[in-house]
Amino acid sequence: MTNALAAFAATSDLAHALRTAATERAAAASQKGIKGIMTGRSDMFRVNPFDIDVVDGFNLRSFDSAEVQEDLIHLAQDIKARGVQQPLKVRLDTRDNRLKLVDGERRLRGTIYAINFLDAADLTEVPVVLVRGKSDADLIAEQFASNTDDLR
0 MTNALAAFAA
10 TSDLAHALRT
20 AATERAAAAS
30 QKGIKGIMTG
40 RSDMFRVNPF
50 DIDVVDGFNL
60 RSFDSAEVQE
70 DLIHLAQDIK
80 ARGVQQPLKV
90 RLDTRDNRLK
100 LVDGERRLRG
110 TIYAINFLDA
120 ADLTEVPVVL
130 VRGKSDADLI
140 AEQFASNTDD
150 LR
């Protein structure tokens, strides 16, 4: 296992890392609502990746295998070089005014890996699309249809 893989495995609890890094921003954002954490046009925004919470049940992949982790490192290298090319999909949880990820966990993990392990501190924002009016079942079906070819 490479040093990068070992370091990633030691910190692969993404939800914990996100909560830890976003504590102060979450308090400030909850006071301002969605406008406090987003800028841009009405359907697409740029958001700090640490301001996005991962939602259990929306990821169709397993991140446990060495092969998937190696692929994630390659994605992180690409994200460092070119940024996130396809927006993540998020919804606003009005109970806590937090953004919840509903599609794009691999891209989010790749971004956070690039920031933490590839010296990409300049990756301060990722593109997101705010999803409204769709059920969990609809969102999961859309994700499954778009990921069918590359699920492991």
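Just so you know, we're using numbering that gives the first Met the number 0 here: the sequence shown kicks off at 0 and counts up by one. Backbone N, C-alpha and C define an ideal beta-carbon position, used for all residues, glycine too.
Report task. Throw me the rounded Cβ distance for the residue 75 and residue 113 pair, which I believe falls under 8 Å. Result -> Right, the Cβ-Cβ distance comes to about 4 Å (below 8 Å), so this counts as a contact.
Requested in this report: Output yes or no for whether 8 Å exceeds the beta carbon distance between residue 87 and residue 51.
Outcome: The Cβ atoms of residue 87 and residue 51 lie closer than 8 Å to each other.
**Report entry** CB contact flag (residue 78, residue 109, <8 Å)
**Finding:** The beta carbons of residue 78 and residue 109 sit closer together than 8 Å.
Query raised in the report: At which residues does the alpha helix (DSSP H) containing residue 70 begin and terminate?
Result: Its alpha helix (DSSP H) spans residues 65-81.
Query raised in the report: Which residues in the same chain have their Cβ closer than 6 Å to the Cβ of residue 40, if we skip the five residues on either side of it in sequence?
Result: In this prediction, residue 40 has a pLDDT of 49, which is less than 50 and means its spatial position is unreliable; nothing more can be read from the coordinates.
Requested in this report: Look at the alpha carbon of residue 126 and the alpha carbon of residue 100, and state the distance between them as a whole number of angstroms.
Outcome: If you take the alpha carbons of residue 126 and residue 100, they lie about 12 Å apart.
Query raised in the report: What residues match up with residue 90 in a beta bridge as DSSP calls it?
Result: Looking at the DSSP assignment, residue 90 forms a beta bridge with 99.
Query raised in the report: In the structure shown, what three-state DSSP assignment does residue 62 receive?
Result: Note: residue 62 maps to coil in three-state DSSP.
Query raised in the report: At what residues does the beta strand (DSSP E) containing residue 49 begin and finish?
Result: Counted as a single uninterrupted DSSP element, the stretch harbouring residue 49 is not any beta strand (DSSP E), since DSSP gives it neither H nor E.
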